[in-house]
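Residue numbers (the numbering used here), protein chains in the order written: chain A, 40 to 112; chain B, 40 to 410. Just so you know, even glycine gets a beta-carbon here, dropped at the ideal spot from N, CA and C. Here is the structure we will look at, set down as structure tokens.
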Amino acid sequence: MKTTSLLLLLALFMSACSEKLVRVMPYEKEYFAEDKMSLSPIAERAEQEGHIFLIREASAGGESSFQGGCGCR
Amino acid sequence: MQIKYLLLTLVSLMALELNSFASNLKDSMSFGFNTYNDNADVNVYSPTFSLFKKVSHNWMLGFKMRIDGITAASISNGANGGHVDAVTGASANENIFDDIRYAPTLMATYDDGDNTLTFGGYYSTEKDYVGKSLFVNYVRQLNEQNTALGIGFSQSFDKWDPIFKRALPKDNRNERKLDLSINQLITPEFSIQGVFSYMYSEGFLSSPYHYVLQNDIAKFENYPDKRTGEAFSLKGVYLLNETNAMNVSYRYYTDDWDISSHTLNIEELHDFSHKLTSGLRLRYYTQTKSNFVQEIGNYQANDAYFATDYRMSAFDSYTIGIPFIYKVGRKDKLTASIDYYQTTKNDYIKSWYGVDSISAVFTTLNYEFDF
Numbered sequence: 040m041k042t043t044s045l046l047l048l049l050a051l052f053m054s055a056c057s058e059k060l061v062r063v064m065p066y067e068k069e070y071f072a073e074d075k076m077s078l079s080p081i082a083e084r085a086e087q088e089g090h091i092f093l094i095r096e097a098s099a100g101g102e103s104s105f106q107g108g109c110g111c112r
Numbered sequence: 040m041q042i043k044y045l046l047l048t049l050v051s052l053m054a055l056e057l058n059s060f061a062s063n064l065k066d067s068m069s070f071g072f073n074t075y076n077d078n079a080d081v082n083v084y085s086p087t088f089s090l091f092k093k094v095s096h097n098w099m100l101g102f103k104m105r106i107d108g109i110t111a112a113s114i115s116n117g118a119n120g121g122h123v124d125a126v127t128g129a130s131a132n133e134n135i136f137d138d139i140r141y142a143p144t145l146m147a148t149y150d151d152g153d154n155t156l157t158f159g160g161y162y163s164t165e166k167d168y169v170g171k172s173l174f175v176n177y178v179r180q181l182n183e184q185n186t187a188l189g190i191g192f193s194q195s196f197d198k199w200d201p202i203f204k205r206a207l208p209k210d211n212r213n214e215r216k217l218d219l220s221i222n223q224l225i226t227p228e229f230s231i232q233g234v235f236s237y238m239y240s241e242g243f244l245s246s247p248y249h250y251v252l253q254n255d256i257a258k259f260e261n262y263p264d265k266r267t268g269e270a271f272s273l274k275g276v277y278l279l280n281e282t283n284a285m286n287v288s289y290r291y292y293t294d295d296w297d298i299s300s301h302t303l304n305i306e307e308l309h310d311f312s313h314k315l316t317s318g319l320r321l322r323y324y325t326q327t328k329s330n331f332v333q334e335i336g337n338y339q340a341n342d343a344y345f346a347t348d349y350r351m352s353a354f355d356s357y358t359i360g361i362p363f364i365y366k367v368g369r370k371d372k373l374t375a376s377i378d379y380y381q382t383t384k385n386d387y388i389k390s391w392y393g394v395d396s397i398s399a400v401f402t403t404l405n406y407e408f409d410f
């Protein structure tokens with residue numbers, strides 16, 4: 040949990056640096072509304088492959104999404 | 040103690056500013072059909088459905104349903120068509136599917152434009168396994184929505200019930216996961232996301248069906264009953280020009296079974312028209328072996344742990360895929376994807392499945408619309 044606490048503190052610190060982190064004005068955000076600019080452009084695929092990689096590989100995490108358990112792991 | 044700490048953090052974050060600003064919630068529905076087929080005779084066909092309905096300006100309820108129709112796998116290491124499948128838990132019979140998994144998820148979301156809180160529960164049933172989970176996720180928008188901080192927590196309470204009556208040392212598998220994420224817009228054409236995940240599992244963590252078979256030893260798999268892992272990932276999406284974007288992600292994973300892995304994913308998407316977007320994705324994965332797996336044939340009868348699942352050994356995998364996004368109208372969208380997955384050659388795969396490596400094809404097809 041030490042790492043978790045450090046990351047929480049880092050996040051709170053970054054949230055305080057507000058002026059430097061306002062880098063894109065609201066009227067400049069049009070590209071981020073496009074599908075190709077999404078970090079997960081196909082949600083259904085992300086969910087499906089998240090499950091498959093959990094079954095076929097020994098690693099997990101790194102996604103801020105929830106995956107339910109099943110007996111195929 | 041950890042749960043108490045997390046709940047306090049969540050309550051503190053929620054108390055920051057729960058104003059009733061503009062909500063991003065909308066009513067939507069989707070229908071999908073996914074498939075998975077590999078050369079180890081595992082075939083899964085999965086219809087999916089989701090419904091999200093606003094119940095007030097700031098609140099929305101959601102329901103997702105996934106049904107997996109699973110056909111039996113064959114096993115070359117001592118099992119036959121009448122035995123239990125080593126991977127799915129399915130047993131061969133005359134039905135179309137050997138096992139069917141039902142996995143509904145219920146959730147509720149609060150959103151006021153700057154704060155998004157989602158929580159819910161998941162339930163899944165198979166012939167030999169029941170999965171139950173609770174999850175909560177909170178995202179706070181900051182810096183004129185240039186920065187988003189997220190925290191998520193889930194806890195599962197799963198239970199094994201093997202098809203052939205075997206007395207397991209434990210029949211539970213409980214998994215806890217904490218995710219911390221930060222998203223930041225860098226320029227009008229570039230954004231990044233960092234995620235840290237902490238995972239803790241305890242209970243019966245191997246398959247109840249896999250076994251080690253040597254000249255003088257016949258033992259079911261036995262792993263340590265606790266596992267702690269951490270994952271760090273960094274993702275970026277960059278607009279190359281008006282019609283092309285590049286999505287790159289890297290993840291490092293490590294755990295106390297001494298398994299560590301690197302995952303690199305690159306995807307390029309191109310707008311072929313104002314309706315159709317497609318491209319190419321490539322993924323590379325490599326992992327080290329666990330500290331208790333041994334070379335095939337090297338186990339001793341008095342060893343504490345036995346592993347024959349290839350996932351406890353070192354291997355690499357490659358994935359190549361093509362995504363499709365087609366905007367049917369202003370409020371509806373059709374998405375599809377097809378991916379080919381291939382592991383490197385592995386002695387454990389050869390021993391258990393009778394093939395040199397795992398090759399798989401998985402597809403998704405989904406239609407979603409707002410109403």
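In the three-state DSSP reduction, TYR392(B) falls in the helix class (H, G or I). Going by DSSP, ILE94(A) is part of the alpha helix (DSSP H) stretching over 82–95.
Here the alpha carbon of TYR323(B) sits roughly 37 Å from the alpha carbon of ASN254(B). ILE361(B) is classed as exposed because its beta carbon has fewer than 16 other beta carbons within 10 Å across all chains shown. Shortest Cα-Cα distance from LEU279(B) to any of VAL63(A), CYS111(A) and TYR70(A) involves TYR70(A). For PHE158(B), the secondary structure class from DSSP, reduced to helix, strand or coil, is strand. Of the candidates VAL367(B), TYR357(B), ILE139(B) and THR403(B), TYR357(B) places its Cα closest to the Cα of LYS384(B). Secondary structure note for GLN326(B): its beta strand (DSSP E) is the uninterrupted segment 315–326. When the alpha-carbon of TYR380(B) is set against those of SER246(B), TRP296(B), ARG320(B) and HIS249(B), the nearest one is in ARG320(B).
Spatial neighbours of LYS65(B) in its own chain (CB-CB distance under 6 Å, excluding positions within 5 residues in sequence) are listed in chain order as ASP409. According to the DSSP secondary-structure assignment, VAL61(A) is paired through a beta bridge with no residue. Residues of chain A whose Cβ lies closer than 8 Å to the Cβ of TYR292(B) are, in chain order, SER98, ALA99, GLY100 and GLY101. Under the Cβ distance rule, GLY110(A) counts among the residues neighbouring chain B, one pair being separated by less than 8 Å. Taking a beta-carbon distance threshold of 8 Å, GLY107(A) counts as an interface residue toward chain B. For PHE88(B), DSSP records a beta bridge to PHE70(B) and MET104(B). For ASP264(B), the closest alpha carbon among the candidates THR87(B), PRO208(B) and ARG140(B) is that of PRO208(B). Per the coordinates, the alpha-carbon of PHE158(B) lies some 36 Å from the alpha-carbon of ASN330(B).
Across the segment 132–158 of chain B, CB contacts with chain A closer than 8 Å involve ARG140, ALA142 and THR144, in sequence order along the chain. By the 16-neighbour rule on beta-carbons within 10 angstroms, ILE135(B) is exposed. Taking a Cβ-Cβ cut-off of 8 Å, PHE203(B) has no neighbours in chain A, whose nearest Cβ is about 14 Å from it. The secondary-structure analysis by DSSP pairs ASN283(B) across a beta bridge with ASN280(B) and HIS309(B).
At a cut-off of 8 Å between beta-carbon atoms, LEU308(B) makes contact with chain A. A direct Cα-to-Cα measurement between PHE311(B) and THR282(B) gives close to 8 Å. Membership of ALA72(A) in any beta strand (DSSP E) is not indicated, and neither H nor E is assigned to it by DSSP.
Here the segment 346–356 of chain B makes contact with the segment 93–101 of chain A; the two share three or more CB pairs at distances below 8 Å. Chain-order list of chain A residues neighbouring ASP167(B): GLY110, by C-beta distance under 9 Å. The CB of MET238(B) comes closer than 7 Å to the CB of ALA99 and GLY100 in chain A, given here in chain order. The segment 140–159 of chain B makes contact with the segment 95–104 of chain B, as at least three CB pairs between them are under 8 Å. The segment 341–355 of chain B and the segment 242–251 of chain B touch, with three or more beta-carbon pairs separated by less than 8 Å. In this structure VAL234(B) is not in contact with TYR338(B), their Cβ atoms being roughly 37 Å apart against a cut-off of 8 Å.
Taking 7 Å as the cut-off between beta carbons, the residues of the segment 315–347 of chain B near chain A are THR316, TYR324 and GLN326, in sequence order. Listed by position along chain A, the residues whose Cβ is nearer than 7 Å to that of ASN261(B) form an empty set, because the closest Cβ is around 16 Å away. The C-alpha of CYS111(A) is placed about 20 Å away from the C-alpha of GLU102(A). Cβ contact annotation for GLY318(B) (same chain, cutoff 8 Å, sequence separation greater than five): GLU306, GLU307, LEU308, HIS309, ILE361 and PRO362, in chain order.
For the C-beta of MET351(B), the chain A residues within less than 9 Å are, from N- to C-terminus, ALA97. Take the alpha-carbon of TYR277(B) and the one of ALA72(A): they are about 13 Å apart.
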